[in-house]
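Numbering follows full-length UniProt numbering, with no gaps: position 57 of the sequence shown is 57.
The beta-carbon is built from N, C-alpha and C at its ideal position, and this holds for glycine as well.
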Amino acid sequence: MGCIFCEILDGKRDGHLLYEDKSHISFLDKYPIDVGHSLIIPREHHERITDMDSEDVGKIFSLVPKIANAILKATGADAFSLGQNNGRAAKQIIPHVHIHIIPRYNSKGSVWTKRQISNDDELVELSKNIRSFIV
Numbered sequence: 001m002g003c004i005f006c007e008i009l010d011g012k013r014d015g016h017l018l019y020e021d022k023s024h025i026s027f028l029d030k031y032p033i034d035v036g037h038s039l040i041i042p043r044e045h046h047e048r049i050t051d052m053d054s055e056d057v058g059k060i061f062s063l064v065p066k067i068a069n070a071i072l073k074a075t076g077a078d079a080f081s082l083g084q085n086n087g088r089a090a091k092q093i094i095p096h097v098h099i100h101i102i103p104r105y106n107s108k109g110s111v112w113t114k115r116q117i118s119n120d121d122e123l124v125e126l127s128k129n130i131r132s133f134i135v
């Protein structure tokens, strides 16, 4: 079985793209914990962050403020959580390095396990809205 994230990068699967540069992309999580839950991934396939050199780790994390600020503005979220899992025992489902940016809302609390699935039209509109805030 191939890597789902590599299939998104290759255009074989749809992804609601938020940001891209020569080394990374960001897109909405297909099974979000809350509205605006997004991922940042490197274009180069690495299963774990320990497989990357420290410069590349710094580069991917340096994108968090840019993308998180856009998500906060677009969704009206009050805060956000970051998640980054390495290996099956750490609950890494897709074996391709990724950082979760999970918007948090004072009115909802912080639940890590509840997932809500939006329809495609909602995701298209949300990704368009978030992209408009990325500078």
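Residue i, enclosing beta strand (DSSP E) - first and last residue
i: S26; result: H24 to L28
i: G83; result: A79 to G83
i: E20; result: L17 to E20
i: P103; result: I99 to R104
Cα-Cα separation between residue i and residue j, rounded to whole angstroms
i: I40; j: V64; result: 8 angstroms
i: K12; j: R48; result: 23 angstroms
i: P42; j: K91; result: 19 angstroms
i: I101; j: L28; result: 9 angstroms
i: F5; j: N106; result: 31 angstroms
i: E20; j: K108; result: 30 angstroms
i: G2; j: H96; result: 11 angstroms
Endpoints, the alpha helix (DSSP H) within which residue i is located
i: F5; result: I4 to L9
Distance between beta carbons of residue j and residue i, contact taken as under 8 angstroms
i: P32; j: I71; result: Rounded, the Cβ-Cβ distance is 11 angstroms, inconsistent with contact.
i: I8; j: I67; result: The Cβ separation is near 16 angstroms, so there is no contact.
i: I94; j: Q84; result: Not confirmed; about 12 angstroms, so no contact.
i: A74; j: I130; result: 4 angstroms
At least 3 beta-carbon pairs within less than 8 angstroms: the region 53-63 vs the region 122-133: Judged by Cβ distances under 8 angstroms, the region 53-63 makes no contact with the region 122-133, as fewer than three pairs qualify.
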